[in-house]
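Here the UniProt record's numbering is used: the first residue of the sequence shown is 1, the next is one more, and so on.
Idealized CB from N, CA, C, for every residue including glycine.
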Amino acid sequence: MEKRRQGWYAVLEVPPDLRAAAGCNKKRKTLGTSDKHVAKARLGAVLGELHKWLDGVRRKKPDTDPLVAEAMGWRETLKDAREGKGVPSVLIEDPNGLLQEVPDDTLVLDMVADRGHRIEREQGPARAEDFADIAMGRATLTTTYIEDWLAEPGQRGAYRSRTAADYRSIVKTFAGWSTKDASGVIIERVSRRSVALYLQHLQKQGISATRIRTIIAALSGYWVWMERRGVVAEGSHNPWEKQAPRKPLADGDDAKERAFTDEEVKTLLTGTTDTFLLDFMRIGALTGMRIEEIARLTVGMCKGNVIRAPGVKGNKAVVPRDVPMHPDLVPIIARRSKDKPATAYLFDDGLKMNQHGERSPSASKRFNYYREKVGVHEKPEGKRRSLVNFHSFRRWFITRAATAGQPLFVIREVVGHKQPKEDVTTSRYVTPGQLQDLKRACVEAVKLPVLAGREGP
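See the structure below:
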């Protein structure tokens with residue numbers, strides 16, 4: 001119950017997964033009285049009407065387990081009651097003989113018990129037990145701690161927005177998989193058997209073994225995190241452990257993504273008159289920068305004879321770095337910087353920030369479409385991705401620099417790779433000025449293949 005102005009209202013908490021369909025977080029209905037005792041007497045009947053309304057919302061959203069959603073609603077109601085929200089108080093005597101006023105949640109407990117008995121008669125004891133455990137707070141929903149988990153950095157730092165969205169979807173998809181029982185909805189119910197059944201379900205859906213390994217790894221990581229945080233019992237067996245399909249044994253021909261060949265670079269740089277693609281590809285090939293770094297370049301980052309790589313990997317920040325400007329890029333940078341403020345993007349050709357904070361996806365799609373069109377494509381059977389993509393320019397740059405005899409520690413500095421801890425050459429024996437000269441020599445050692453019919457950038 002809730003007191004609003006001069007009257008009392010019945011209040012039903014809408015489960016989180018139904019709020020979009022319901023259009024509200026709470027549903028209120030007047031009890032038609034300002035008398036608390038009369039309101040308490042009418043509460044049961046009015047809450048019954050509100051639950052009928054909620055059932056109608058659920059029917060419009062059939063992927064929601066009605067039992068779980070209803071139990072969560074009761075859980076919130078009971079939580080409010082125990083905090084004294086909308087229920088009368090009673091006086092009890094503490095061990096010292098003093099009277100204390102505490103909330104009286106008896107009515108809500110009785111209603112939960114009555115509802116549990118009806119569920120047992122209609123759906124069986126297992127469903128009734130699931131309902132009671134969730135409603136009384138004895139069971140934890142699988143989705144409860146998703147955001148807490150994703151908010152903490154992983155082994156490689158904070159999760160990228162795209163990765164967090166994928167992991168969030170993985171957990172919610174597993175939780176929503178079971179509609180007949182709560183084996184995948186309640187953390188305490190997840191067993192190795194239920195995991196095996198889910199694995200079979202994924203395989204029947206035609207999901208690749210590689211993707212299934214990603215799904216299992218994400219869920220296993222979530223369980224490990226919950227054990228560390230005390231959500232599941234310490235030392236309890238992780239039901240996801242060793243459940244992922246095994247990787248096939250390498251036969252010596254296990255193809256990996258690679259650098260472009262010189263002939264492929266020639267094909268890419270001569271197969272179009274699209275200025276955007278030509279400029280984008282040349283900067284990638286002559287700086288070794290990542291595609292997202294190029295997409296985020298501003299005019300102010302390209303001053304003098306140095307390009308300030310913004311230091312991003314997808315939407316994840318990495319250490320920014322200075323890359324000497326290759327002589328072949330000078331006219332491109334000058335043309336794209338002309339009459340623009342320092343804050344303007346170098347590439348403003350329709351690139352927009354997506355929901356993950358990235359500007360490069362549209363450029364990547366545009367490049368890949370063109371790449372396939374001109375025949376620069378290698379996709380082995382059973383592989384999801386081509387072995388060549390825009391990142392192959394970065395690999396090509398590193399390969400060309402190494403072939404030209406440039407020191408590996410200098411190449412790492414140019415492309416932003418971490419230096420090995422045991423390598424003290426850069427930090428102890430090379431001054432900043434010397435390092436900048438070495439980096440410039442490294443960049444200028446990389447030459448584009450001679451392009452027939454093309455002169456200059």
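Checklist line | For D322: DSSP bridge partner residues | finding: Beta-bridge pairing links D322 to R308.
Next item on the list: Check the C-beta distance from N328 over to L286 and give it rounded, since I have them as a contact under 8 angstroms.
Entry: Reading off the sequence, residue 328 comes out as Asp, not Asn. Indeed, because the Cβ distance is near 6 angstroms, the residues count as touching under 8 angstroms.
Check: Is the Cβ-Cβ distance between M226 and L141 less than 9 angstroms?
Finding: no
Margin query: For a test of the three-state rule: what should DSSP assign to residue 478, helix, strand or coil?
Written below: Only positions 1 to 457 of the chain appear in this structure, which leaves residue 478 out of reach.
Check: The beta strand (DSSP E) spanning T30 covers which residue range?
Finding: 26-30
Margin query: Taking only three categories from DSSP, how would you classify L346?
Written below: coil
Margin query: I'd like to know whether the C-beta atoms of V388 and E264 end up nearer to each other than 9 angstroms.
Written below: yes
Notebook entry, point to check: When we look at the beta-carbon of P432 and count the other beta-carbons within 10 Å, is it buried (16 or more) or exposed?
Noted result: Per the 10 Å Cβ criterion, exposed.
Checklist line | Three-way DSSP call (helix, strand, coil) for E122 in this model | finding: helix
Notebook entry, point to check: Going by the CB atoms, is the gap between V299 and A233 shorter than 9 angstroms?
Noted result: no
Notebook entry, point to check: Which value, in whole angstroms, describes the spacing of the CA atoms of D348 and E83?
Noted result: Straight-line measurement puts the Cα of E83 at about 55 angstroms from the Cα of D348.
Next item on the list: Starting from the Cα of A317, find the closest Cα among A158, K26, E257 and give me that residue.
Entry: Among A158, K26, E257, the Cα nearest to that of A317 is on A158.
Next item on the list: Counting only the same chain and skipping the five closest in sequence on each side, list residues whose C-beta sits under 8 angstroms from that of T33.
Entry: G7, W8, A39, R42
Margin query: Using only the alpha-carbon positions, how far apart do G350 and R366 sit?
Written below: 11 angstroms
Checklist line | Extent of the continuous beta strand (DSSP E) run through R384 | finding: Neither: R384 is in no beta strand (DSSP E) and is coded neither H nor E.
Margin query: Taking DSSP's pairing of strands, which residues face E2 in a bridge?
Written below: Y9
Check: For L150, which residues from the same chain have a beta carbon less than 8 angstroms from its beta carbon, with the 5 sequence-adjacent residues on both sides left out?
Finding: Y159, A164, Y167, R168
Notebook entry, point to check: Ordered along the chain, which non-local residues of its own chain (more than five positions away) have a Cβ less than 6 angstroms from that of R162?
Noted result: Cβ within range, chain order: H356.
Item checked: Residue(s) in a DSSP beta bridge with K242 -> Answer is none; K242 lacks a bridge partner.
Check: Hey, I283 and A363: beta-carbon distance below 9 angstroms or not?
Finding: no
Next item on the list: State the CB to CB distance for the pair E2 and R19, rounded to an integer number of angstroms; the pair is presumed to be in contact (CB under 8 angstroms).
Entry: With 8 angstroms as the limit, E2 and R19 do not qualify as a contact, their Cβ atoms being about 18 angstroms apart.
Item checked: Contact set for W396: own chain, Cβ-Cβ below 7 angstroms, skip 5 residues either direction -> A259, F260, V265, A285
Next item on the list: Please look up how many angstroms separate the CB atoms of G311 and E358, rounded, as I've assumed it's under 8 angstroms.
Entry: The pair is not a contact, with the Cβ atoms about 14 angstroms apart (cut-off 8 angstroms).
Check: Excluding five sequence neighbours on each side, which residues of the same chain lie with their C-beta closer than 6 angstroms to the C-beta of D279?
Finding: I332
Check: From the DSSP output, which residues share a beta bridge with G154?
Finding: G157.
Note to self: Taking 6 angstroms as the limit between beta carbons, can you name the residues of its chain near R321, skipping five residues before and five after?
What the structure shows: A309, G416
Next item on the list: Would you kindly work out how many angstroms separate the C-alpha atoms of V430 and K439, rounded to a whole number?
Entry: 12 angstroms
Notebook entry, point to check: Exposed or buried, what is V319 when buried is set at 16 or more other beta-carbons lying within 10 Å of its beta-carbon?
Noted result: With fewer than 16 other Cβ atoms within 10 Å, it is exposed.
Note to self: Under DSSP, the alpha helix (DSSP H) around I186 begins and ends at which residues?
What the structure shows: Taken as a continuous stretch (DSSP letters only), I186 belongs to no alpha helix (DSSP H), as it is neither H nor E.
Checklist line | Cutoff 6 angstroms; reference L202; Cβ partners in own chain excluding five residues on either side | finding: I212
Check: With burial defined as no fewer than 16 other Cβ atoms inside 10 Å of the residue's Cβ, what is the status of C24: buried or exposed?
Finding: exposed
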